[in-house]
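Chains as they are written, first to last, in this note's numbering: chain W, 24 to 675; chain F, 13 to 340; chain A, 146 to 352. Here a beta-carbon is modelled for each residue, glycine too, at the ideal position from N, C-alpha and C. Just so we're clear, the structure is a prediction, and the values are computed from it rather than from any experiment. Some notes on the structure that comes next.
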Ligand code: HEA
Ligand code: HEA
Ligand code: CUA
Ligand SMILES: [Cu+2]
C-alpha cells in the first residue's frame, strides 16, 4: 500500500516552482531575498573581504617587524593593527566564512529547499555585515580597538583605555553575537528537522555533524562572551566594579569568562572545516570515508571537551596547582578525538585504490600537514611548565596560525575549489590552482614556522618593535618574506576566481563524481534546489545510484521524463513549500510553508545598528528610540501574512 | 650603529649588556633547565609524531601514483581499520607519557619552599619597581641575586596586568592588580640576563624590560650594602652644579634620590641610578649619550611614556647627567 | 511506467504515522524557541558562574555575597511568577481544546501577574540601601536581577502580541504555534527566576 500518489507533469511542475521560488533581479529582490544560496554566497564574499582586510593588516605588521628598531609604524598604530587583525580574522573571517559554506550547503546536502528560518537567515547575514562595518567605522573616528583580540582588563577599562576604542570592540562583538547565535539556531533546527526521507541520523553527511556540533557549541559558548562584554561596558560606562579588585571585583573574572567562550570558539572555527575534509577527501579517494561513525563521534566529543580546557590560556596567572594540572591533562586529551579524525582520513587514503590529486585534494593534504604541526605545538603548550616559558611569545603566535591557517584557511580554499563550480557553474583553473596551493603552502610555512624558534628564543608577542642582536633578526626577516609570498598565494586565488567567471570551463552538475545530494542539482542549482524532495537510501546517495530516489532533478543522467507518479509529499508545489521530517529517522512529517522574500530582516538589522551606535555615542534618548523601533521591527516581522494562515498542513 | 631617529647621541644596541640571548634553551638555573629538558623531549616527541603521520599520509599516495582508471571496488574498510585503532591508542599512550613528564617538570620548576631571599616586584606602565624588604632596598628595573640561592619574587601590579619573565632563569608569572603571585628564580652561574614584560600592557609593552644580575655571595653583599645607603655627597663642582640643577628641576616631582629633597614616587628611584646597567627600563644601555637623549625627549624614544620632557636651561642637561652618573 | 513510480518502503508507515498521531508534531518554530532558551540559560549560567567565582575567590565580595538579603518580598515575587506559569499553562490547554475565550483570559491574567512581578521588583530595588556602583556585589546583583526583569518585560511584549492575535481570532485548536512558543519562553523565564532566587537569596543562608 502506498501514500497518496499524484501524476506529475515534470515540465509544468518545474515551471510552477520557478514562479513561486524565483527572486526578481531587482534592488528590492537583492535586499529582501531569503534564498539560502544567495545568503551563503554573500557570507562567503563578505568574510573573504574581511580576510583580505585582516591580511592587509598582517602585511603592515610584518613590514614593521621585518627589521629591529624599525619606525614604520607608531606604537598606537601597531597595537590597533594587531588588535584589528586578530579580531577581524577570528570573528569576521574564520567563523562567518564557514557559516557561508554551511548556509549554501546544508539545505542542499539534506535535500531541503531552504533553511528552517529563511528570514532569520537573511537577518544573520545583515547583522554580520553591519557589525563588521560598525567596528571598521572606528577607523574613521581614529578610536580603533587596541586591546588585542581578547582585550584583557584592566588595560581595557575606562581608566587605562579612555576613548571609544574598546567600546567599538565591545559593542561590535555584542552585535555580532546576535548574528552568530541566530545562525547557529537556524542550522540546528534545519539539520534536525528538515532532512529528506531516508536520511536518518546515521546517514547524515559528516559535514552535517560538524555543522551541528559547531552550532550547538555556539549556542552554549557565546553567552559567556556576552556576559564578559556586558560587564566590561557597564564598568566602562556606568562605573560598576565587576573587574575592579578594589571593590570586590577581579580582573581574572574577565579571563575566565572570555576563555570559557574562547576555547570552544577555536573549535567552532575548525570543526566545519574538518567536516569539509571528511566530504572532500573521500571524494578524491573514490570511496566512502573509513570510520564514519568514529569521525562523527570524534567531532561531537571535540565540541564537548572543548568546554573543559579554557584555563590553559591562563597557566601563568598563578592558579592553584590542582586546577592547573587538571586543565593541562584535559587539554592533552582533547587531542585524541582530533587524532581519530586525522587517522580516519589517513585510513581512507590508505584504503583508496587511487587518489585524484586535484587542487581541492592538494589543499586537503596541506591541511593535514599543517593540522598536525599546529596540533602538536598545542599539545606542547598544554604541558604547563613549557607553557610558562612559551606563553605570550611568538611560539603561541606560531601555534595559533598553524591551526587557524591550517585548519581553517586551507580547508576553506579547498572548499572553494570544490564547491565554487556548484555555486557559479564555472570550474576554477587547475594549473593556477596548483600554483596557488604551492605558493601558499611555502609562504605559510615560511611565515609561521620560524615563529616557533623566535618565540623559544625569547621574543614576546604584541611588541611593536624589538632590539637587534637577540637572535631574532633574521628569523623575523624570513617571516616577513614568507608573509609576502603568502599574499601572492592569496592573490593567485583571487585571480583564479575572477578569471573563472569569464573563462572558466562550464561545470557539470557533479564535476568531481562526489557522493552527496548537493551534486544531484544543476550547477548552479535552481532557486528551489530540488524539483521533488529526494529520498536517500544510504550515506553516499549518488554512489548508490538509486536515481529513482533522487527524482527528476534538473539534470541527472536519467533520460528526462515528462510525467511521473510521485507520493504527494515529494512534490510540494502548493506555494513555497519544503518538507519537515522527524528528528532521528527523517520520516516525512509536515509540509513547511516557507516565508516570502521580506525586507524586515534588513530593517531589524538596521534598527539594531542604530541601537549600538546610540549606545556608542551614549545618547539616552536615541537609545530609547532605537530600542522602540527595534521592538516595532520585530512585531512587523512576526505579524502573519494572511497567506501564511493556517501555519502548516499535515501531510497525507 | 643603529640610532634612534633624530637622536644622534642615542645608541639602541642593548644586547652587549647581557651575557646570553634571552633564550629558553640557554638556561642558567635549575628551574629553566628542568623546563629546557622537558622542551627538548616535547620537540622530539612532536617531530616523531609529525614524521609518522606524514609517512602514513604520503606513502599510499606515492605507492598508487600510477593507478589510473577506476579499477575495481575500493578496498574493504577492514584492511585499514588498524590505522584507526592505532591512531587512537598510540596518541593516548604518548600523551600519558607527556603528562607524567609535565608533572615532573612542574614540581622542579615551581618549588613551594619558602626560605631564601625575598624580592618584591611591582609592575608599572612601563617599568619595574624592585624592593628587598629584608635588606631595606628600593630600586628599579634591575634585580641582583646571589648565585646558587633560591629567590622568591613576590609580584604585584600598580596598574594593569604585566608578566614577569626571565627566560634564562624561569617561566612567566603574571602581575595582576589585586592579586599577589610568587615566582621562583635561581641562577647556577654569575652573569647578567635580560628579562621582559610578557603580558601586553599598552603602548610601551615592547620596552618594559628588566635586568637580572647574578653575583657571587660576596659581590651580592657588597651590592646590597651600597644600595642600602645613599651615594657619597658630590664634591667636585661639576657634580655639585648637577645636583643643584637636578633638585631645582621638575625631575624631583616624580623621582626620589634618598639623602636629598627629591622624593617623588611616580617614577623609578634614582638613588643609585649611576650604578645601573640600563635606563628607560632596559631599553638603553646606561651611557652619557643615552641618558642625555632620554632626558631630552623621552616621548620620542618611548612614545606614550609617562615621563615628560622637562624644560632645562643651557648646560643644565650636561650637569644633570654628570650628577646622575655620580649616583653609584 | 517510468522508474519514478518507485515506492519508498516508508510510504505506508508514514501515512499510518500521520493518521495515528495524537499530539501534533512540534513546529520548527518551537524547536527554535527551545534553542533560544538554551542560549539564554547559558547567559544566566555565566552570570551565576561569575557570582560564584567572585564569592569563592574575592574576600571583599564574599563578605557581601554571603550577606543575608531579606526574603519576604522575593518569596512573594516567586509565588507571583510561578502562579503566572500556571495560568499560562491553563491558557494553552484552553486553546488546545479550541477554547479561545479561556486563552484570552489566561493570557490576560498571566500578563497581570507578570506586571505585578515587575512592580514588586521595583519596590525591592527602591528598598536597597546601595546603588549598583557601590561594590562588585551590587553591580552583579543588579545586573542579574535586572537582566531577568528585562526578560520578563520581553515575555510581556510577546504576551501582548499573541493576545492581540487571539482577539483577532488567529488561533484554533489546530493552529496556535505562536501561543505555544511564547508561553514556552514565559515558562523558561519563570524557571530562571527560581534559579536566581535559590542562588542570590537562599544560598547565602545555606553556605
Ligand atoms: C583553530 C583553532 C585552534 C585549534 C584547533 C587549537 C587546538 C589546540 N590548542 Fe590552541 N590556540 C588557538 C587556536 C586553536 N588551538 C589560539 C587562537 C590560541 C591563542 C589565543 C591567544 O592567546 O591569542 C591557542 C592557544 C593555545 C594554548 C594557550 C597557549 C598560551 O597562550 O599560553 C594552549 C595550551 O594548552 C593550546 C592548546 C591546544 C591544544 C592541546 C589543541 C588540540 O586541540 C590540538 C589537537 C590536534 C593534534 C594534537 C594533532 C592531530 C593529532 C594527532 C596527529 C595524533 C597524535 C598526536 C599526539 C600524540 C600529540 N592552544
Ligand atoms: C584565521 C585567523 C588568522 C589568519 C588567517 C592570520 C593570518 C596572518 N597573520 Fe595573524 N593573527 C591571528 C589570526 C590570524 N592571522 C590572531 C588571532 C592573532 C592574535 C592577535 C592578538 O594578539 O590579539 C594574530 C596575530 C598575528 C601576529 C602577531 C602580532 C603580535 O603579536 O604582535 C602576526 C605577526 O606576524 C600575524 C601575522 C599574520 C600573517 C603574516 C598572516 C598571513 O597569513 C596573511 C596572509 C594574507 C592574506 C590572507 C590576505 C592577502 C592580502 C591582500 C591580497 C592585500 C590586498 C587586500 C586589501 C588591500 C584589502 N598575525
Ligand atoms: Cu608590562 Cu607588558
Ligand atoms: Cu585554547
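Terminal residues of the continuous beta strand (DSSP E) containing residue 604 of chain W?
600–604 is the extent of the beta strand (DSSP E) around residue 604 of chain W.
Terminal residues of the alpha helix (DSSP H) in which residue 339 of chain F lies:
Going by DSSP, residue 339 of chain F is part of no alpha helix (DSSP H) at all; its letter is neither H nor E.
Proximity below 8 Å, CB of residue 258 of chain A to CB of residue 225 of chain A
One thing to note: residue 258 of chain A has its Cβ within 8 Å of the Cβ of residue 225 of chain A.
By DSSP, does residue 169 of chain F sit in helix, in strand, or in coil?
Taken through DSSP and simplified to helix, strand or coil, residue 169 of chain F comes out as strand.
Sequence-distant residues of its chain with Cβ nearer than 7 Å to residue 30 of chain W (five each side left out):
Non-local beta-carbon contacts of residue 30 of chain W in its own chain, meaning distances under 7 Å to residues more than five positions away in sequence, involve 586, 588 in chain order.
For a test of your reading of the model: does the CB of residue 289 of chain W fall under 7 Å from any non-hydrogen atom of ligand 4? Yes or no.
In this structure, the C-beta of residue 289 of chain W approaches ligand 4 to less than 7 Å from one of its heavy atoms.
Are residue 120 of chain W and residue 104 of chain W touching if we call contact CB-CB under 8 Å?
Residue 104 of chain W is positioned such that its CB atom lies no closer than 8 Å to that of residue 120 of chain W.
If we call anything under 8 Å between Cβ atoms a contact, is residue 367 of chain W one with residue 50 of chain F?
Not a contact, by the Cβ cut-off of 8 Å.
Thinking C-beta only, is residue 119 of chain F closer than 8 Å to residue 227 of chain F?
Not in contact: residue 227 of chain F and residue 119 of chain F (Cβ atoms no closer than 8 Å).
Chain W residues whose Cβ lies nearer than 9 Å to that of residue 304 of chain A:
Neighbourhood of residue 304 of chain A in chain W, by CB distance below 9 Å: empty, with the nearest CB roughly 13 Å away.
Hey, residue 653 of chain W and residue 634 of chain W are a contact pair by Cβ (cut 8 Å); roughly how many whole angstroms apart?
Yes, residue 653 of chain W and residue 634 of chain W are in contact; Cβ-Cβ is about 6 Å, under 8 Å.
Distance CB(residue 197 of chain F)-CB(residue 378 of chain W) smaller than 8 Å:
For residue 197 of chain F and residue 378 of chain W, no; Cβs fall outside 8 Å.
Contact between the stretch 318–327 of chain F and the stretch 56–68 of chain F: three or more CB pairs below 8 Å?
Counting C-beta pairs closer than 8 Å gives fewer than three between the stretch 318–327 of chain F and the stretch 56–68 of chain F, which falls short of the contact rule.
Are residue 546 of chain W and residue 532 of chain W touching if we call contact CB-CB under 8 Å?
The Cβ-Cβ distance between residue 546 of chain W and residue 532 of chain W falls below 8 Å.
Whose C-alpha, out of W/300, W/307, W/484, is nearest the C-alpha of residue 220 of chain F?
The candidate whose alpha carbon is nearest that of residue 220 of chain F is W/484.
As assigned by DSSP and simplified to three states, the class of residue 93 of chain F:
Residue 93 of chain F: helix per DSSP, three-state reduction.
If you follow the beta strand (DSSP E) that residue 187 of chain F is part of, which residue opens it and which one closes it?
In the DSSP assignment, residue 187 of chain F falls within the unbroken beta strand (DSSP E) covering 182–187.
Collapsed DSSP secondary structure at residue 351 of chain W in the structure displayed
Helix.
Under 9 Å Cβ-Cβ, which residues of chain W neighbour residue 211 of chain A?
Within chain W, no residue comes near residue 211 of chain A; the closest Cβ sits about 12 Å away, beyond 9 Å.
Taking Cβ positions only, does residue 219 of chain W come closer than 8 Å to chain F?
Answer no: the Cβ-Cβ gap between residue 219 of chain W and chain F never drops below 8 Å.
Taking the runs of the alpha helix (DSSP H) that are 4 residues or longer, which of them lie wholly in the stretch 586–639 of chain W?
Fully enclosed alpha helix (DSSP H) runs of 4 or longer: 591–594.
Per DSSP, what kind of secondary structure is residue 269 of chain A in: helix, strand or coil?
Here residue 269 of chain A sits in helix by DSSP.
Just checking: is the beta-carbon of residue 158 of chain W within a distance shorter than 8 Å of some beta-carbon in chain A?
No - not a single Cβ of chain A is within 8 Å of the one on residue 158 of chain W.
Quick check on residue 416 of chain W: does DSSP put it in helix, strand or coil?
In the three-state DSSP reduction, residue 416 of chain W falls in the strand class (E or B).
So that I know if they touch, is there some Cβ in chain F lying closer than 8 Å to that of residue 367 of chain W?
For residue 367 of chain W, the nearest CB of chain F lies under 8 Å from its own CB, placing it at the interface with that chain.
Determine whether the Cβ of residue 99 of chain W lies closer than 8 Å to any Cβ atom of chain F.
Using beta-carbon distances, residue 99 of chain W counts as an interface residue toward chain F, with a partner under 8 Å.
For residue 191 of chain A, which residues in chain W fall below 7 Å Cβ to Cβ?
Neighbours of residue 191 of chain A on chain W, chain order: 246, 247, 250, 280.
Out of curiosity, what's the CA-to-CA distance linking residue 268 of chain F and residue 313 of chain F?
One alpha carbon belongs to residue 268 of chain F, the other to residue 313 of chain F, and they sit about 22 Å apart.
Where residue 151 of chain A and residue 567 of chain W are concerned, what is the direct C-alpha to C-alpha distance, given to the nearest angstrom?
Bear in mind that a pLDDT of 34 at residue 151 of chain A, under 50, signals an unreliable position, so the model cannot answer this.
Using a C-beta to C-beta distance shorter than 8 Å, which residues of chain W count as neighbours of residue 33 of chain F?
Those within 8 Å of residue 33 of chain F in chain W are 480, 481, 493, 494.
Would you say residue 205 of chain A lies against chain W (beta-carbon separation less than 8 Å)?
Yes, because at least one Cβ of chain W sits closer than 8 Å to the Cβ of residue 205 of chain A.
Taking 8 Å as the CB-CB cut-off, is residue 124 of chain W touching chain F?
Not closer than 8 Å to any Cβ of chain F, the Cβ of residue 124 of chain W fails to qualify, so no.
Is residue 266 of chain F helix, strand or coil when you go by DSSP?
It is helical.
Can you find at least 3 beta carbon pairs, one from the stretch 130–146 of chain W and one from the stretch 69–88 of chain W, that sit closer than 8 Å?
Using a Cβ-Cβ distance cut-off of 8 Å, the stretch 130–146 of chain W and the stretch 69–88 of chain W are not in contact, since fewer than three pairs of beta carbons, one from each stretch, lie closer than that value.
Take residue 43 of chain W as the anchor and find which of W/92, W/597, W/95 has the nearest alpha-carbon.
Out of W/92, W/597, W/95, the CA that lies nearest to the CA of residue 43 of chain W is found in W/597.
Could you please give me the residues that DSSP links to residue 249 of chain W through a beta bridge?
None; residue 249 of chain W has no bridge partner.
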